[in-house]
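The block underneath contains the structure these notes are about, expressed in structure tokens.
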Amino acid sequence: MRKLLVPIVLVAAAVPAVVAESATSAKRVTVGDNFFVRSSGVPTVTVSKGTRVKWVWTGDNPHNVKVASGPAKFGSSTMSRGSYTKKVRKRGTYTIVCTVHGGRDQKMKLVVR
7 MRKLLVPIVL
17 VAAAVPAVVA
27 ESATSAKRVT
37 VGDNFFVRSS
47 GVPTVTVSKG
57 TRVKWVWTGD
67 NPHNVKVASG
77 PAKFGSSTMS
87 RGSYTKKVRK
97 RGTYTIVCTV
107 HGGRDQKMKL
117 VVR
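What follows is the structure, encoded as structure tokens:
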């Protein structure tokens with residue numbers, strides 16, 4: 007019995023990191039000093055249509071969230087702390103940047119299915 011429970015627990019723990027969030031839940035995205043999600047590369051966050059995406063500022067520098075390209079435009083004000091939440095209603099791929107630091111330093115992809 008234990009052998010069956012261990013794989014199920016491991017799979018259940020890994021699923022939230024890979025599967026898109028449901029339409030009624032929220033997806034948290036970290037806004038750090040000159041990065042979204044993690045400190046290197048261009049991360050891709052995938053969510054379902056209707057999901058609330060919440061960008062949470064964790065660094066000290068001012069940043070914003072602006073859609074550079076995608077099926078809809080939205081964006082936050084520039085701030086050093088707090089959060090910005092957007093319910094994504096249009097499917098597609100969004101390129102999001104911080105206009106303070108530019109897409110070269112601070113960019114992410116948001117895929118809405």
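In this note's numbering, the protein residues as written are 7 to 119. The C-beta atom is built at its ideal place from N, Cα and C for all residues, glycine as well.
- Using a Cβ distance threshold of 8 angstroms, Gly56 and Arg119 do not count as a contacting pair.
- When secondary structure is reduced to three states using DSSP, Lys113 falls in the strand class.
- By the beta-carbon neighbour count (other beta carbons within 10 angstroms, threshold 16), Lys92 is buried.
- Per the DSSP secondary-structure output, Ala78 pairs with nothing in a beta bridge.
- The three-state secondary structure of Lys72, taken from DSSP, is strand.
- Beta-bridge annotation (DSSP): Thr36 is paired with Val62.
- For Ser45, no beta strand (DSSP E) segment is defined, and its DSSP state is neither H nor E.
- By the Cβ-count criterion, Lys60 is exposed, with fewer than 16 other Cβ atoms from all chains shown falling within 10 Å of its own Cβ.
- Remark: C-beta atoms of Asn70 and Asp39 do not approach each other more closely than 8 angstroms.
- Bounds of the beta strand (DSSP E) holding Val103 are 98-103.
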